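Here the structure is laid out as structure tokens; the discussion comes afterwards.
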Amino acid sequence: MPAVSISKQDSLSATFAALSDPTRRAMLKRLSQGEATVNDLAAPFKMSLPAISKHIKVLEKAGLLTKTVQKQQRPCKLNGTKLKQAIDWIDQYKLLWEGRLDRLDEVAKSLQTTETTIAAAAVSSKEEIAADIAKSDVATNLIASQAINTPATTQKDQIISPKIESPQTKTKAAAKSKRKKMKTKELNPKLDLTFERLIDVPPHLVWRAWTEPDLIKQWFCPLPWKTIHADVDVRPGGKMHTVMQSPEGQEFPGTGCYLETVKDERIVWTNALLPGYRPAPPNVPCNDEEQTEFMFTAIVEMAPHKVNGVDGTRYRATVLHADEKGCQKHDAMGFEAGWSAALDQLVAMVKKGI
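If you read the sequence shown in my numbering, its first letter stands for residue 111, the second for the next number, and so on.
Here it is as structure tokens:
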């Protein structure tokens, strides 16, 4: 899901930047047990006091700790107000992700119901036509004529021509075989995030839910948020663009470029490129305290798999990050919970039918 830039004036930026460092998180954990001096906070770490003081200043600037002025040593204490603001902000996105997959599930189920109905109607029509032909005199005459005019042949008389495949056919077959065997390369735990699940809707409906703008708008951004625009050109180099709207009416556009699209199997896109493979404007490095957006490449894979006796999908989502800071930030934002909730919504949407 596309990352959203937040204004530098937003105090949450300083809060999350402060929380992104493991040393500072350890300090806050210590302060949750009560007040502590600078020496107390420095004790577990092999670093100089000036370095510890820099970490404390970052936490103090973010409002996560305060220093007691009444005491001579000015011990530090935790400020829970800022942490609560961060938790409240994360909770609203938790609702967003949980709602997204519920609605996506409904769309996918609707697609499944529609295609089942169409298939049943086609079979019924075929049977009716066959019955009408069998009853007609024309059919009887054609059968008799065929029996009279066709010479009998024995097994020796039959000539079986060898199947000759063109170079193009062989190339396509080899490519298809390669795609079936192709798996996501070995992941780097410091840079990549992934999760995998079995879902009881088939891959071709998952594909439609990901690639049709009208369907994307129904599940991609759950209530109380809305997806007010979706524009996709599902081919390598094509555009992936969405606009999300908050309950307050603020819009959050996200644009990326498709790198690989294999129908009913695999979708790969990145926000590091604009459509046509044009490089996107560079972001502020993720080690900057105000940085909230990060570059990533997302891979969605879907493979046929029986689930509870029905045609289902082995679904895997993988996100590759440019650096460790971006990966840590995405993980802290709730990657697994968010993508898993989105998948739940996709399944519910498919099952409901359209």
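Every residue, glycine too, gets a C-beta built ideally from N, C-alpha and C. Predicted, not measured: the structure shown is a model, and the values here were computed from it.
Neighbour-count burial assignment, residue i, 16 or more Cβ in a 10 Å radius
i: N149; result: exposed
i: P312; result: buried
i: Q222; result: buried
i: P185; result: buried
i: S121; result: exposed
i: F155; result: exposed
i: Y387; result: exposed
i: A454; result: Residue identity check: residue 454 is Asp in the sequence provided, not Ala. Buried.
i: G359; result: exposed
i: K461; result: buried
i: A172; result: buried
i: Q328; result: buried
i: S123; result: buried
i: L456; result: buried
i: V420; result: exposed
i: L383; result: buried
i: L159; result: exposed
i: E375; result: buried
i: G448; result: buried
i: M157; result: exposed
i: M137; result: buried
i: P272; result: Annotation note: pLDDT 43 at P272 (below 50); position unreliable, no value reported.
i: L297; result: exposed
i: A153; result: exposed
i: V217; result: buried
i: P132; result: exposed
Residue interval of the alpha helix (DSSP H) (run including residue i)
i: G436; result: E434 to A442
i: Q455; result: F445 to K462
i: V465; result: Since the first residue of the chain shown is 111 and the last is 464, residue 465 is not available in this structure.
i: L141; result: P132 to L141
i: V168; result: L159 to K171
Residue of the options minimising C-alpha distance to residue i
i: P334; options: V344, M354 and V179; result: M354
i: E446; options: L122, K192 and R307; result: R307
i: P414; options: A451, A408, F406 and T423; result: T423
i: Q438; options: S163, A218 and L303; result: L303
i: N381; options: P392, E375, F406 and G359; result: F406
i: K187; options: L141, K156 and G173; result: L141
i: A128; options: V429, S163 and E170; result: E170
i: D198; options: T178, Q360, M443 and E145; result: M443
i: A432; options: I338, P299 and V420; result: P299
i: G190; options: L174, V179, I377 and I326; result: L174
i: V146; options: K177, S123, K167 and V168; result: According to the sequence provided, residue 146 is Ala. The question's Val does not apply to it. Closest option to A146, Cα to Cα, is K177.
i: K365; options: I200, Q183 and K349; result: The displayed chain sequence assigns Thr, not Lys, to residue 365. Comparing Cα-Cα distances from T365 to each of I200, Q183 and K349, the minimum goes to K349.
i: W320; options: A152, E296, L301 and R345; result: R345
i: T337; options: S356, T133 and G347; result: S356
i: W379; options: V417, V420 and L430; result: L430
i: S450; options: K435, T133, I309 and K164; result: I309
i: A452; options: F305, H314 and A390; result: F305
i: K373; options: K416, W317, G347 and V179; result: W317
i: G436; options: D131, N418, V179 and L301; result: L301
i: E361; options: G347, H339, E370 and D343; result: H339
i: T371; options: L151, D343 and R135; result: D343
Bounding residues of the beta strand (DSSP E) (the contiguous stretch that carries residue i)
i: P323; result: Counting along the chain, P323 falls outside any beta strand (DSSP E), though it belongs to the alpha helix (DSSP H) covering P323 to W329.
i: P414; result: F406 to V417
i: E296; result: Run containing E296: none; DSSP gives neither H nor E here.
i: E306; result: D302 to I309
i: T147; result: Element bounds for T147: n/a, residue is neither H nor E.
i: A127; result: Run containing A127: none in the beta strand (DSSP E); it sits in the alpha helix (DSSP H), S121 to L129.
i: S378; result: One detail in the question is off: residue 378 reads as Val in this sequence, not Ser. Note, V378: beta strand (DSSP E), R376 to T380.
i: D341; result: K336 to V342
Those residues which DSSP pairs with residue i across a bridge
i: G366; result: M350
i: D421; result: K416
i: K187; result: T176
i: E361; result: Q355
i: A427; result: F305 and V410
i: L384; result: R388
i: V372; result: R376
Cβ-Cβ separation, residue j to residue i (assumed contact under 8 Å), whole Å
i: R426; j: E403; result: R426 to E403, Cβ: 25 Å. No contact.
i: P323; j: D341; result: 6 Å
i: A458; j: K219; result: 7 Å
i: C367; j: P385; result: 5 Å
i: T352; j: I326; result: 7 Å
i: T125; j: K167; result: No, T125 and K167 are not in contact; Cβ-Cβ is about 15 Å, not under 8 Å.
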